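**Q** Have a look at this one before I ask anything.
In my numbering, the protein residues as written are 354 to 433.
As structure tokens, this is what we get:
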């Protein structure tokens with residue numbers, strides 16, 4: 354499943370957070386993620402990137418944004 358299938362539940366901030374998670378915590382064997390290109394990434398890969406980010410020491414604000422993004426992903430998947 355690709356992010357484009359649930360992007361209707363994501364706002365601009367969510368897209369930017371997703372791109373930052375993929376770029377910062379991803380494996381790096383892909384093109385750089387941007388708010389406009391995240392739709393082509395695998396949803397499971399994004400979730401792994403977020404999980405990796407949450408396991409590392411991130412700021413409380415970043416953690417809150419990442420957890421909010423996970424909640425929106427869950428909501429988007431439930432609507433499918």
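Ideal Cβ positions, reconstructed from N, Cα and C, are used throughout, including at glycine. What you are looking at is a predicted structure, and each value in this text was computed from that prediction instead of being measured.
Specify the secondary structure class of residue 337 as computed by DSSP and reduced to three states.
**A** No answer is possible for residue 337: the residues shown for the chain start at 354 and end at 433.
**Q** When the distance is taken between beta carbons, is residue 403 closer than 8 Å to residue 422?
**A** Along the chain shown, read from residue 1 onward, the residue named residue 422 stands at position 69. Along the chain shown, read from residue 1 onward, the residue named residue 403 stands at position 50. The Cβ atoms of residue 422 and residue 403 sit closer than 8 Å to each other.
**Q** For the alpha helix (DSSP H) holding residue 419, just list the boundary residues, first then last.
**A** Looking up residue 419 in the chain shown gives position 66. Run containing residue 419: 413-431, per the alpha helix (DSSP H) assignment.
**Q** If we count the other Cβ atoms within 10 Å of its Cβ and call it buried at 16 or more, is residue 368 buried or exposed?
**A** Numbered from 1 along the chain shown, position 15 holds the residue referred to as residue 368. Residue 368 sits buried, since 16 or more C-beta atoms from the chains shown fall within 10 Å of its C-beta.
**Q** Measuring CA to CA, which of 424, 389, 396 and 412 is closest to residue 365?
**A** To locate residue 365, count along the chain shown from 1; it is residue 12. Selected option, being the one with the closest Cα: 389.
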